[in-house]
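Working notes, beginning with the structure itself.
In the working numbering, the protein residues as written are 21 to 129.
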């Protein structure tokens, strides 16, 4: 919960960050819900970071640098198999992007 009321803020740093960056953040809310979902679920870097965090968080201590590298390699290899799955609502999102930003997409499609 993010709130301005004293004593009700569960994540104060998130609230501070949102308020400080609101001009940039609010842009995403101008898109329809399906488009927002397609955008935030296709962030490859965030996905990769999540896979690495998840695999290394399970193990508190590694015996060597090589063991860390092996865990990360195996985790990313397993995750890469899932990355071939189609993105939910991608066709809808792409159609919407084409209508909204046709002039910017012409050279990339």
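Just so you know, even glycine gets a beta-carbon here, dropped at the ideal spot from N, CA and C.
Would you kindly report the start and end of the unbroken alpha helix (DSSP H) that includes residue i?
i: residue 74; result: 64 to 77
i: residue 107; result: Element bounds for residue 107: n/a, residue is neither H nor E.
i: residue 94; result: 85 to 102
i: residue 3; result: Summary: the structure shown does not reach residue 3, with the chain confined to residues 21 through 129, and so no result is reported for it.
Going by beta carbon distance, what residues of the same chain come within less than 8 Å of residue i, once the five residues before and after it are set aside?
i: residue 67; result: 99 and 103
i: residue 130; result: Lying outside 21 to 129, the shown extent of the chain, residue 130 is not represented and no answer is given.
i: residue 94; result: 75
Leaving aside the five residues before and after residue i along the sequence, list all residues of the same chain whose C-beta is less than 6 Å from its C-beta, in chain order.
i: residue 116; result: 55
In its own chain, which residues sit with a C-beta less than 7 Å from the C-beta of residue i, not counting the 5 before and 5 after it?
i: residue 123; result: none
>> For the region 72 to 87 against the region 27 to 38, do three or more pairs of beta-carbon atoms, one drawn from each stretch, fall closer than 8 Å, so that the two count as touching?
In response: In this structure the region 72 to 87 does not touch the region 27 to 38; the number of beta carbon pairs closer than 8 Å is below three.
> Does the region 50 to 58 come within contact of the region 108 to 127, defined as at least 3 CB pairs closer than 8 Å?
Replying inline: At 8 Å Cβ cutoff, the stretches touch.
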